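> Chains as they are written, first to last, in the numbering used here: chain L, 1 to 111; chain W, 112 to 224.
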C-alpha cells in the first residue's frame, strides 16, 4: 500500500524566506505531483516529476527516486504564496490508478 | 482552452437522498478522476474513467458510482446519502490518468443534513 507523508504540517515564515516542504512515499511510483490549494478549494498543479529537478519561477521541485523523497522549495517567499501545498503520488505500472495524497502543508507567509 | 468545470458548485441534501455531480474535462482529455476531500481524511481517490471505462476504484462503498460519456464528460452519483458524505468533491482531467499532469475542477461542496 502506498503511503505519502509530508512535513511540516504547518509552517509560518516571514516574507522573503526560503521555504522547504518535504514529501516521502513508501513504494515505487511513476510520478510525484505537487499541488497548491487556496482557501475556497481550487487545486492547481505546480509540478509533476518522475526524476531530477524542475523549476518554475520561484518554485523548485526535486525528487530522489532511490530515497523515495521529494522536496518543494519556494525562494523569496511572498504572502501570496500562502496556501496548502499537497504532494501526491501515482503508482508504477501505468496510468490506471488514482493519486495518493499527503495530508498537506499549511503555509503562511507573513509580510 | 476552457478549464475543467463542475456543476453544481454547492449542494445541500438530506440524509437518505441521492445526488449526481457532473464534471466536464478539458477538451481532448480522456481521463477523468474523482476525489473526495474532508477535513478528517484529506483527499481520497474515488474512481477514474478513461474512454467511458472505469479503470480503477478507491476504497469507497458501492453507494458511490460514476460513469463517463462518449464526450468524456463524467458524472458521479452517491445514493442513500449519509452525514459523513459531506465533503468537497473534486474531479480532475488528464490525457491519460494519474501519471499525467492533472487539471482540477473547482469542486462541488456537498452538505448532507
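Here a beta-carbon is modelled for each residue, glycine too, at the ideal position from N, C-alpha and C. It should be emphasised that the depicted structure is a prediction, and the values quoted were computed from it without experimental measurement.
Please list, in chain order, all residues of the same chain as residue 25 of chain L whose beta carbon is under 6 Å from its beta carbon, the five residues on each side excluded.
Hits under 6 Å: 4, 68, 89.
> How many Å lie between residue 17 of chain L and residue 6 of chain L at the Cα?
20 Å
> With a threshold of 8 Å between beta-carbons, can residue 167 of chain W be considered close to chain L, or not?
yes
> Between the alpha carbons of residue 124 of chain W and residue 57 of chain L, how many angstroms are there, rounded?
43 Å
> Using only alpha-carbon positions, find the residue among W:219, W:186, W:222 that is nearest to residue 225 of chain W.
This structure cannot settle anything about residue 225 of chain W, because the visible part of chain W is limited to 112 through 224.
> Count the other CB atoms, across all protein chains shown, that sit within 10 Å of the CB of residue 180 of chain W; report buried if there are 16 or more and exposed otherwise.
exposed
> Taking the C-alpha atoms as reference points, what is the distance between residue 219 of chain W and residue 86 of chain L?
19 Å
> Could one say the Cβ of residue 179 of chain W lies closer than 8 Å to chain L's Cβ atoms, at least one of them?
no
> Under 8 Å Cβ-Cβ, which residues of chain W neighbour residue 42 of chain L?
215, 217, 218
> Under a three-way DSSP split, which group does residue 195 of chain W fall into?
Residue state, collapsed to three classes: helix.
> Leaving out five residues on either side along the sequence, give the residues of the same chain with a beta carbon under 7 Å from the beta carbon of residue 148 of chain W.
154, 198, 199, 201
> Mapping DSSP to helix, strand and coil, what is residue 178 of chain W?
For residue 178 of chain W, the secondary structure class from DSSP, reduced to helix, strand or coil, is strand.
> How many Å lie between residue 116 of chain W and residue 61 of chain L at the Cα?
The straight-line gap from Cα to Cα measures roughly 28 Å.
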